[in-house]
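Enquirer: Sending over a structure as structure tokens; questions will come in a sec.
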Amino acid sequence: MNAAADPALAVPDDAAVPAESEATVIANPAPAGRWGHRHLLDVDVLSESDLDLVMRTADTMAGVLARPIPKVPTLRGWGITILFYEASTRTRVSFEVAAKNLSADVVNIAAASSSVSKGESLIDTVRTIEALGARMLVMRHATSGAPYLAAEHFSGSVLNGGDGWHAHPTQALLDLYTLRARLPGGSVRGKKIVILGDVLHSRVARSNLWSLTAAGADVWVCGPSTLLRGFETWSRAGVAGSRGFTVTSDLRAALRDADAVMALRIQRERMASGLLPSLREYAARFGLTRERLALAKPDALVMHPGPMNEGVEIAPDVASGAQSVIEDQVANGVAVRMALLYLLAGARE
Amino acid sequence: MNAAADPALAVPDDAAVPAESEATVIANPAPAGRWGHRHLLDVDVLSESDLDLVMRTADTMAGVLARPIPKVPTLRGWGITILFYEASTRTRVSFEVAAKNLSADVVNIAAASSSVSKGESLIDTVRTIEALGARMLVMRHATSGAPYLAAEHFSGSVLNGGDGWHAHPTQALLDLYTLRARLPGGSVRGKKIVILGDVLHSRVARSNLWSLTAAGADVWVCGPSTLLRGFETWSRAGVAGSRGFTVTSDLRAALRDADAVMALRIQRERMASGLLPSLREYAARFGLTRERLALAKPDALVMHPGPMNEGVEIAPDVASGAQSVIEDQVANGVAVRMALLYLLAGARE
Amino acid sequence: MNAAADPALAVPDDAAVPAESEATVIANPAPAGRWGHRHLLDVDVLSESDLDLVMRTADTMAGVLARPIPKVPTLRGWGITILFYEASTRTRVSFEVAAKNLSADVVNIAAASSSVSKGESLIDTVRTIEALGARMLVMRHATSGAPYLAAEHFSGSVLNGGDGWHAHPTQALLDLYTLRARLPGGSVRGKKIVILGDVLHSRVARSNLWSLTAAGADVWVCGPSTLLRGFETWSRAGVAGSRGFTVTSDLRAALRDADAVMALRIQRERMASGLLPSLREYAARFGLTRERLALAKPDALVMHPGPMNEGVEIAPDVASGAQSVIEDQVANGVAVRMALLYLLAGARE
Numbered sequence: 052m053n054a055a056a057d058p059a060l061a062v063p064d065d066a067a068v069p070a071e072s073e074a075t076v077i078a079n080p081a082p083a084g085r086w087g088h089r090h091l092l093d094v095d096v097l098s099e100s101d102l103d104l105v106m107r108t109a110d111t112m113a114g115v116l117a118r119p120i121p122k123v124p125t126l127r128g129w130g131i132t133i134l135f136y137e138a139s140t141r142t143r144v145s146f147e148v149a150a151k152n153l154s155a156d157v158v159n160i161a162a163a164s165s166s167v168s169k170g171e172s173l174i175d176t177v178r179t180i181e182a183l184g185a186r187m188l189v190m191r192h193a194t195s196g197a198p199y200l201a202a203e204h205f206s207g208s209v210l211n212g213g214d215g216w217h218a219h220p221t222q223a224l225l226d227l228y229t230l231r232a233r234l235p236g237g238s239v240r241g242k243k244i245v246i247l248g249d250v251l252h253s254r255v256a257r258s259n260l261w262s263l264t265a266a267g268a269d270v271w272v273c274g275p276s277t278l279l280r281g282f283e284t285w286s287r288a289g290v291a292g293s294r295g296f297t298v299t300s301d302l303r304a305a306l307r308d309a310d311a312v313m314a315l316r317i318q319r320e321r322m323a324s325g326l327l328p329s330l331r332e333y334a335a336r337f338g339l340t341r342e343r344l345a346l347a348k349p350d351a352l353v354m355h356p357g358p359m360n361e362g363v364e365i366a367p368d369v370a371s372g373a374q375s376v377i378e379d380q381v382a383n384g385v386a387v388r389m390a391l392l393y394l395l396a397g398a399r400e
Numbered sequence: 052m053n054a055a056a057d058p059a060l061a062v063p064d065d066a067a068v069p070a071e072s073e074a075t076v077i078a079n080p081a082p083a084g085r086w087g088h089r090h091l092l093d094v095d096v097l098s099e100s101d102l103d104l105v106m107r108t109a110d111t112m113a114g115v116l117a118r119p120i121p122k123v124p125t126l127r128g129w130g131i132t133i134l135f136y137e138a139s140t141r142t143r144v145s146f147e148v149a150a151k152n153l154s155a156d157v158v159n160i161a162a163a164s165s166s167v168s169k170g171e172s173l174i175d176t177v178r179t180i181e182a183l184g185a186r187m188l189v190m191r192h193a194t195s196g197a198p199y200l201a202a203e204h205f206s207g208s209v210l211n212g213g214d215g216w217h218a219h220p221t222q223a224l225l226d227l228y229t230l231r232a233r234l235p236g237g238s239v240r241g242k243k244i245v246i247l248g249d250v251l252h253s254r255v256a257r258s259n260l261w262s263l264t265a266a267g268a269d270v271w272v273c274g275p276s277t278l279l280r281g282f283e284t285w286s287r288a289g290v291a292g293s294r295g296f297t298v299t300s301d302l303r304a305a306l307r308d309a310d311a312v313m314a315l316r317i318q319r320e321r322m323a324s325g326l327l328p329s330l331r332e333y334a335a336r337f338g339l340t341r342e343r344l345a346l347a348k349p350d351a352l353v354m355h356p357g358p359m360n361e362g363v364e365i366a367p368d369v370a371s372g373a374q375s376v377i378e379d380q381v382a383n384g385v386a387v388r389m390a391l392l393y394l395l396a397g398a399r400e
Numbered sequence: 052m053n054a055a056a057d058p059a060l061a062v063p064d065d066a067a068v069p070a071e072s073e074a075t076v077i078a079n080p081a082p083a084g085r086w087g088h089r090h091l092l093d094v095d096v097l098s099e100s101d102l103d104l105v106m107r108t109a110d111t112m113a114g115v116l117a118r119p120i121p122k123v124p125t126l127r128g129w130g131i132t133i134l135f136y137e138a139s140t141r142t143r144v145s146f147e148v149a150a151k152n153l154s155a156d157v158v159n160i161a162a163a164s165s166s167v168s169k170g171e172s173l174i175d176t177v178r179t180i181e182a183l184g185a186r187m188l189v190m191r192h193a194t195s196g197a198p199y200l201a202a203e204h205f206s207g208s209v210l211n212g213g214d215g216w217h218a219h220p221t222q223a224l225l226d227l228y229t230l231r232a233r234l235p236g237g238s239v240r241g242k243k244i245v246i247l248g249d250v251l252h253s254r255v256a257r258s259n260l261w262s263l264t265a266a267g268a269d270v271w272v273c274g275p276s277t278l279l280r281g282f283e284t285w286s287r288a289g290v291a292g293s294r295g296f297t298v299t300s301d302l303r304a305a306l307r308d309a310d311a312v313m314a315l316r317i318q319r320e321r322m323a324s325g326l327l328p329s330l331r332e333y334a335a336r337f338g339l340t341r342e343r344l345a346l347a348k349p350d351a352l353v354m355h356p357g358p359m360n361e362g363v364e365i366a367p368d369v370a371s372g373a374q375s376v377i378e379d380q381v382a383n384g385v386a387v388r389m390a391l392l393y394l395l396a397g398a399r400e
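Chains as they are written, first to last, in the numbering used here: chain S, 52 to 400; chain V, 52 to 400; chain Z, 52 to 400.
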């Protein structure tokens, strides 16, 4: 068989996708001053107008998701590799679904952190993934900063799916999207948002502090003082050197008149470190119960990044109660990740 | 880039699929009295006319599989999640291939049972999978009844891929399809079908008892008496309170003039429980050998749900002999699962 | 719902793909004397003209990869199963990307070697994979010869993705492609190619010896004498009984005026066997450093099949230096595997 003369190989592309619409997406550069980021490593570099653009693009994607067939051909032929060094179901699947909804070709690699004991190996892995044809790399790694190292050696776009205690930017953006969608007025500006729990070890808390303060929220972080270490200092300096937030171990003060409460997952392995009392004591002192939630505004939103330890950081009736938007967070995560893949793809062209 | 104005996002759908044919499938409700089930949790609720409908739909799907390109766009854009809490190759892959042949988007999740120690967590997982966009959930779980719990919390369709000792409905349906395709007369009515082996722990045996008796077969279950516990009582009561079957440890009586023999997999871990003698003794007393098969009708069919312990419950020359339809079972499994996904999708619309 | 009358099932195929181009690929038999192999088990059976055909077809595929959307519909509807009994990232993903670029439907199965302790089980697995609809099977197995056994029981095409110490044919072919693409003159004929390291345990070395000598290269294998056992005898007999190569533990003699140096991965588990000194001593005596590379021709190519132990068999500055074509090897691997899937598919029709 002569491949060069084979008409099936000679066609410019799967005729299924109208060449014009593909061309429009891919040839259409991001307007100057709109989206200028090649990677998504954290939310700290996103301006308020960047955040707005992500939110509005996610609105469009939510419209796609509401169609009978929630797929668009936007990223057809784009190789996207999802490289997770830590176990995950919801974040990994959310990225996979988002990428497939945009018609990208997804490769999953579940790597054991242990096999990447040296930085060189991560670099080698990233270069190999690029050589295999990936144009976007979604990665999760136990080491803070690993996606930054990857971004230095990858010519496409790197999306941070969580790195150590450092950052989880797509979680922060889907949280922001959910808050805007559900809060009265459609904005977090001036709203009291409480992040409750093991703030110290939480990349979710750190990324949310950046995005929520950038969007003008009144952010409170609350938990046992051992799990707030360093945040007092940061709050005095301000996020980005200017945007203040409140740090407290006084749960009642934190919850009073809150517009939204975000409970963080308690990692059982923290017990061993001596930073936490028993789970039972944690639940007794800081668990988000219906009684405590009553201190917040009547329609205050209840959020959780998942997976939940029901009965520890959050009571089951609160998790599944009328104020809970936890499933909204998951559903919005797909729309927000579609928006980010779309914007990053546009910025690349 | 302005997503809202982007023509690639504005197209109603991938133009590849003619909108009419998609619409036909999705808008066409199941005729009243035809297929009225939202989930497939077991075969116990399927009437004989339901079984007929599955069989005829599987015939159509077998026709699709015989095409050079065995794919149809029927479930394009449908998210199907395959959540297996027990290791599996053939069942998991069979569902994956069936779903992909219908152009669905498949997400695989291999979960360790250990991480779902509480019922709440399974519910949380199921709700998350739905929020991520899945419209169908195929699940296997070590706990009997787990798919029923899942179905209560999932707004799409749940397909049971095997739960504990309880049920394995798609296996029973592919067995029925295989029997009808290969038995003289194209029906199991009045035919003597022997289920041989570790009946006690077998979800395959339980589901087959429901479907085979519903279709009018003369079913015999046979094995060491320790592995038949409770089935005497059930046979006296009758399946669905009326449909009798025969229970015996007399292998010769069971095999005599049988039309088909279904050998069950012996789980090696049963040895420890004291319910089984050694594998060698089991093979000597109950293994399906060529000599024993000679007691059945000359063209009696040999079946096995796989994977086989050749030389234990079935002799290698029987497994690969002329009477074996074991590979037919595997191939038919894809057609039957395509039929079920198709019917359940229709019932949803 | 009546599946037989459903227009979405009645269409001959996804209308997305022009029927003519599909038909051309699939109906077009390989011209006599061109590509006559049903399987790719090793390179030993490939003639020089076979090698040329693979190389030219890979050129065409490299052209596909250079398109904005690197996909063709050639293998649409073909089921390809990737069955790996040994852990792998780059080879597994390379096959997956290659198959998806040709629009095939890919199923991944990661099998633990332990579950296939008997030959019968491998046969059973292979027959099951075929019954599930796979037309091509890519497999890696720790046992030399396992893909040959599989090929006896699979009616489609088997591609060996590495078997024990025996063969890794796609690696050898991508190495040949890379050498032809980067060596002056575009040919390996008469060029001095050094394979350096643990030759004894290397399927990469064995397959390269076949293909490189068939293509007329002057091949040298070099390493500690304990890791060259048996190769002296083979070199005297000649590959295919006639094609000589050179075996030496004299690193300087091997590297002098070389056109390309291929460093092999040192398996840490070889230490225990007593065949290797410490990693440190290996690196000191046989590691490919910048100083040693200076013995070769000024533009000598540096190759490695990956993954690398940087600082052991290859120094980091050599691995990422100007002479390194290691990332080319990875990228070319996708094109070469696309070519092989394409040729094997053509041979089947």
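Virtual Cβ for every residue (Gly too), placed ideally from N, Cα, C.
1. Answer with yes or no whether the minimum CB distance from glycine 357/S to chain V is below 8 angstroms.
2. Give me the Cα-Cα distance between methionine 106/Z and valine 387/Z, rounded to the nearest whole angstrom.
3. So what does isoleucine 246/V bridge to, in DSSP terms?
4. Could you tell me whether any Cβ in chain Z is nearer than 8 angstroms to the Cβ of glycine 397/S?
5. Output yes if chain Z places a C-beta closer than 8 angstroms to the C-beta of leucine 183/V; else output no.
6. Which two residues bound the contiguous beta strand (DSSP E) that contains serine 208/V?
7. Got a sec? Which residues, its chain only, sit under 6 angstroms from serine 166/V by beta carbon, not counting five neighbours each side?
8. With three or more C-beta pairs closer than 8 angstroms as the rule, is the region 175-194 of chain S touching the region 380-397 of chain Z?
9. Would you please verify whether the beta carbon of glycine 130/Z is less than 8 angstroms from any beta carbon of chain V?
10. Is alanine 314/Z near histidine 355/Z, with beta carbons less than 8 angstroms apart?
11. Going by alpha carbons, who is nearest to arginine 141/S out of Val376/S, Leu395/S, Pro358/S?
12. Listed from N- to C-terminal order along the chain, which residues in the region 130-147 of chain S have their beta-carbon within a distance smaller than 7 angstroms of any beta-carbon of chain V?
13. Which residue comes first and which comes last in the beta strand (DSSP E) that contains glycine 237/Z?
14. Going along the chain, which residues of its own chain have a beta-carbon closer than 7 angstroms to the beta-carbon of lysine 122/S, five neighbours each way excluded?
15. Whole angstroms is fine: what's the gap from glutamine 318/V's alpha carbon to tryptophan 216/V's?
16. Could you spell out where the alpha helix (DSSP H) holding valine 105/V opens and where it closes?
17. Given threonine 194/Z, which residues of its chain have a CB within under 7 angstroms of its CB, disregarding the five upstream and five downstream residues?
18. Closer than 8 angstroms, CB to CB, is arginine 191/S near chain Z or not?
19. With valine 148/S and valine 209/V assumed to form a contact (beta carbons below 8 angstroms), what rounded beta-carbon distance in angstroms separates them?
20. Tell me whether alanine 201/V sits in a helix, a strand or coil according to DSSP, three-state version.
21. Enumerate, from N- to C-terminal direction, the unbroken beta strand (DSSP E) stretches of 3 or more residues contained entirely within the region 131-195 of chain V.
22. Taking only beta-carbon atoms, is isoleucine 246/V less than 8 angstroms away from chain S?
23. What residue range does the beta strand (DSSP E) around valine 298/Z cover?
24. Output the distance between the C-alpha atoms of leucine 344/Z and alanine 370/Z, rounded to the nearest integer angstrom.
25. Terminal residues of the continuous beta strand (DSSP E) containing valine 255/V?
26. Identify the continuous alpha helix (DSSP H) that holds valine 353/S and give its terminal residues.
27. Is it the case that the Cβ atoms of glycine 274/S and serine 300/S are separated by a distance below 8 angstroms?
28. For alanine 78/S, I'd like the list of residues in its chain whose CB is within less than 6 angstroms of its CB, leaving aside the five on either flank, ordered along the chain.
29. List the residues of chain S whose Cβ lies closer than 8 angstroms to the Cβ of isoleucine 22/V, in chain order.
30. Tell me whether leucine 394/V is buried or exposed, calling it buried when 16 or more other Cβ atoms sit within 10 Å of its Cβ.
31. Verify the CB distance criterion: does valine 385/Z have a CB-CB separation below 8 angstroms to chain S?
32. Nearest-angstrom Cα distance between leucine 247/Z and isoleucine 365/Z?
Expert: A quick look at the data gives this:
1. Start at 1 with the first residue of the first sequence, and residue 357/S comes out as number 306. So yes, glycine 357/S belongs to the interface.
2. Indexing the third sequence from 1 puts residue 106/Z at position 55. Indexing the third sequence from 1 puts residue 387/Z at position 336. Methionine 106/Z and valine 387/Z: Cα-Cα distance of roughly 7 angstroms.
3. Within the second sequence, residue 246/V is the residue found at index 195, counting from 1. DSSP output for isoleucine 246/V lists Val272/V, Met313/V as bridge partner(s).
4. Locating residue 397/S in the first sequence gives position 346, where the first residue counts as 1. Not closer than 8 angstroms to any Cβ of chain Z, the Cβ of glycine 397/S fails to qualify, so no.
5. What you label residue 183/V is simply residue 132 of the second sequence in a count that begins at 1. No, because no Cβ of chain Z sits closer than 8 angstroms to the Cβ of leucine 183/V.
6. Taking the first residue of the second sequence as 1, we reach residue 208/V at position 157. Note, serine 208/V: beta strand (DSSP E), 208-214.
7. On the second sequence, residue 166/V is found 115 positions in, with the first residue counted as 1. Because serine 166/V carries a pLDDT of 49, less than 50, the predicted location of this residue cannot be relied on, and the following value inherits that uncertainty. None.
8. yes
9. Position 79 of the third sequence, counting from 1, holds the residue named residue 130/Z. Glycine 130/Z counts as touching chain V.
10. The residue you call residue 314/Z lines up with position 263 of the third sequence. The residue you call residue 355/Z lines up with position 304 of the third sequence. The answer is yes: Cβ separation under 8 angstroms.
11. Within the first sequence, the letter at position 90 stands for residue 141/S. Closest option to arginine 141/S, Cα to Cα, is Pro358/S.
12. Thr140, Arg141, Val144, Ser145, Glu147
13. Mapped onto the third sequence, residue 237/Z falls at position 186. No beta strand (DSSP E) contains glycine 237/Z, which DSSP labels as neither H nor E.
14. Numbered from its first residue, the first sequence carries residue 122/S at position 71. Excluding sequence neighbours, lysine 122/S sits near Asn152, Ser154.
15. In the second sequence, residue 318/V corresponds to position 267, counting from 1. In the second sequence, residue 216/V corresponds to position 165, counting from 1. The alpha-carbon atoms of glutamine 318/V and tryptophan 216/V are separated by roughly 12 angstroms.
16. Here the question's residue 105/V lines up with position 54 in the second sequence. Where valine 105/V is concerned, the enclosing alpha helix (DSSP H) stretches over 99-116.
17. Reading the third sequence from its first residue, position 143 is the one you call residue 194/Z. Taken in chain order, the residues that qualify are Asp214, Gly215.
18. Here residue 191/S corresponds to residue number 140 of the first sequence, with the count starting at 1. No, because no Cβ of chain Z sits closer than 8 angstroms to the Cβ of arginine 191/S.
19. Taking the first sequence and counting its residues from 1, one reaches residue 148/S at position 97. Taking the second sequence and counting its residues from 1, one reaches residue 209/V at position 158. That pair is no contact at about 19 angstroms.
20. Stepping through the second sequence from its first residue, residue 201/V is reached at position 150. Helix at alanine 201/V.
21. 156-161, 185-192
22. Residue 246/V sits at position 195 when you count from the first residue of the second sequence. No, its Cβ sits nowhere closer than 8 angstroms to a Cβ of chain S.
23. Working through the third sequence from its first residue, we reach residue 298/Z at position 247. 297-299 is the span of the beta strand (DSSP E), which, as asked, contains valine 298/Z.
24. In the third sequence, residue 344/Z corresponds to position 293, counting from 1. In the third sequence, residue 370/Z corresponds to position 319, counting from 1. Distance between the alpha carbons of leucine 344/Z and alanine 370/Z is about 11 angstroms.
25. Here residue 255/V corresponds to residue number 204 of the second sequence, with the count starting at 1. Run containing valine 255/V: none in the beta strand (DSSP E); it sits in the alpha helix (DSSP H), 254-265.
26. Taking the first residue of the first sequence as 1, we reach residue 353/S at position 302. Per DSSP, valine 353/S belongs to no alpha helix (DSSP H); it is in the beta strand (DSSP E), 352-354.
27. On the first sequence, residue 274/S is found 223 positions in, with the first residue counted as 1. On the first sequence, residue 300/S is found 249 positions in, with the first residue counted as 1. Their beta carbons are under 8 angstroms apart, which means glycine 274/S touches serine 300/S by this criterion.
28. Walking along the first sequence from the start, residue 78/S turns up at place 27. Here the model assigns alanine 78/S a pLDDT of 32, short of 50, so the residue's position is not dependable and the matter cannot be decided.
29. Any property of residue 22/V remains undetermined from this structure, which presents chain V solely from 52 to 400.
30. Walking along the second sequence from the start, residue 394/V turns up at place 343. Label assigned to leucine 394/V: buried.
31. Within the third sequence, numbered from 1, the residue matching residue 385/Z stands at position 334. Output row for valine 385/Z: interface = yes.
32. Residue numbering aside, residue 247/Z sits at position 196 when the third sequence is read from its first letter. Residue numbering aside, residue 365/Z sits at position 314 when the third sequence is read from its first letter. Going by the C-alpha atoms only, they are around 10 angstroms apart.
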